[in-house]
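The block underneath contains the structure these notes are about, expressed in structure tokens.
Numbering (my numbering), first residue to last: 127 to 430.
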């Protein structure tokens with residue numbers, strides 16, 4: 127019997143588009159995972175792949191402009207986050223990612239976090255749109271998702287940014303993991319001194335998002351002279367947390383291959399840079415082709 131290949135797609139906001147390029151390169155190598163699981167943006171990309179709609183997702187996001195990204199943000203401050211997130215589910219429906227997880231031809235799982243207990247929640251059944259929406263609930267940005275079993279769910283990246291453990295539990299003999307956060311810690315504050323001298327050139331809150339939020343909220347979220355903004359504090363805090371958790375989880379349950387695209391120049395809001403991210407994902411997978419193929423051969427022969 128051929129070994130079951132599992133793909134563990136990581137969290138990382140806009141950097142997650144790179145995972146499309148990785149999946150495409152794997153297919154070019156003749157490697158098609160039979161199990162895919164994801165956290166946050168990895169859950170979204172993984173859902174499109176498992177549903178056979180990855181090309182539709184790629185076509186949609188490659189045409190994203192800043193206005194398209196802003197249009198995805200349905201602002202609703204009273205719901206525990208800046209963004210309600212219903213438009214993300216609508217995006218999935220638009221590209222044909224609908225129905226139940228059980229009906230997918232490829233085994234699929236997504237990771238979320240229970241807001242009250244911190245418990246890791248695995249979605250392996252039920253509506254796929256609900257699973258993705260629960261997994262991408264970035265705290266402080268997206269509102270929590272109500273759990274069908276009671277309680278509220280937030281981003282799976284808080285507990286398992288690269289879900290190798292879920293891929294193993296779903297029966298994967300080989301796990302190819304994607305870590306999107308390895309280059310990001312500390313990067314956001316490198317230009318803070320320059321921003322203090324010329325605050326009008328700061329990109330802490332992009333103009334397109336500032337306009338989408340409205341002038342009052344935009345001013346609240348924009349940092350003062352020489353101080354980090356709301357988005358800088360939130361983004362870098364999440365980067366630090368996910369980097370540390372990822373290191374710990376991968377050390378305790380190492381994948382057979384871990385891919386780390388060079389995404390240090392991507393902001394978590396750069397959803398309009400899909401083509402660049404996809405290209406980097408392809409380059410990363412191509413550079414690791416020998417290691418990937420060796421892991422597959424070893425699994426078939428039973429060697430380490």
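Cβ coordinates follow ideal geometry from the N, Cα and C atoms, glycine included.
Per-residue DSSP class, three states only, for residue i
i           : result
residue 210 : coil
residue 318 : Legend: pLDDT at residue 318 = 40, less than 50; position of this residue unreliable, value from coordinates given subsequently. Helix, per DSSP.
residue 303 : strand
residue 436 : Beyond the ends of the chain as shown, which are 127 and 430, falls residue 436; an answer cannot be given.
residue 261 : helix
residue 271 : strand
residue 140 : helix
residue 147 : helix
residue 215 : helix
residue 154 : helix
residue 323 : In this prediction, residue 323 has a pLDDT of 35, which is less than 50 and means its spatial position is unreliable; what the coordinates show is noted afterwards. Three-state result, residue 323: helix.
residue 128 : coil
Residue i - partner residues in DSSP beta bridges
i           : result
residue 233 : 161
residue 380 : In DSSP, residue 380 forms no bridge with anything.
residue 240 : 279
residue 246 : 239
residue 226 : 253
Host beta strand (DSSP E) of residue i (start-end)
i           : result
residue 132 : 131 to 135
Element boundaries [alpha helix (DSSP H), containing residue i]
i           : result
residue 291 : 290 to 295
residue 175 : 167 to 176
residue 192 : 192 to 197
residue 182 : 180 to 188
Closer than 9 Å to chain E by CB, residue i
i           : result
residue 424 : As a matter of chain content, chain E is missing from the structure shown, which is built from one protein chain.
Contact between the stretch 183 to 196 and the stretch 237 to 246 is defined here as three or more beta-carbon pairs at a separation below 8 Å; is this criterion met?
no
What runs of the beta strand (DSSP E), each 3 residues or longer, lie entirely inside the stretch 354 to 428?
For the stretch 354 to 428, whole beta strand (DSSP E) runs of length 3 or above, ordered along the chain, are 383 to 385.
Quick test of the definition: if touching needs 3 or more C-beta pairs under 8 Å, does the stretch 154 to 172 touch the stretch 373 to 385?
Touching, no, given that fewer than three Cβ pairs across the two stretches are closer than 8 Å.
Please confirm if the stretch 250 to 261 is in contact with the stretch 269 to 276, defined as three or more CB-CB distances below 8 Å between the two stretches.
yes
Quick one: any contact between the stretch 135 to 143 and the stretch 389 to 399, if contact means 3 or more CB pairs under 8 Å?
yes
Could you check whether the stretch 226 to 235 touches the stretch 189 to 196, counting it as contact only if at least three pairs of C-beta atoms, one from each stretch, sit closer than 8 Å?
no
Touch check for the stretch 130 to 137 and the stretch 299 to 306: three-plus C-beta pairs under 8 Å?
yes
Are the stretch 408 to 415 and the stretch 273 to 286 in contact at 8 Å, needing three or more beta carbon pairs?
no
Indicate whether the contact test is met: 3 or more Cβ pairs, each with one atom in the stretch 214 to 226 and one in the stretch 244 to 253, closer than 8 Å.
yes
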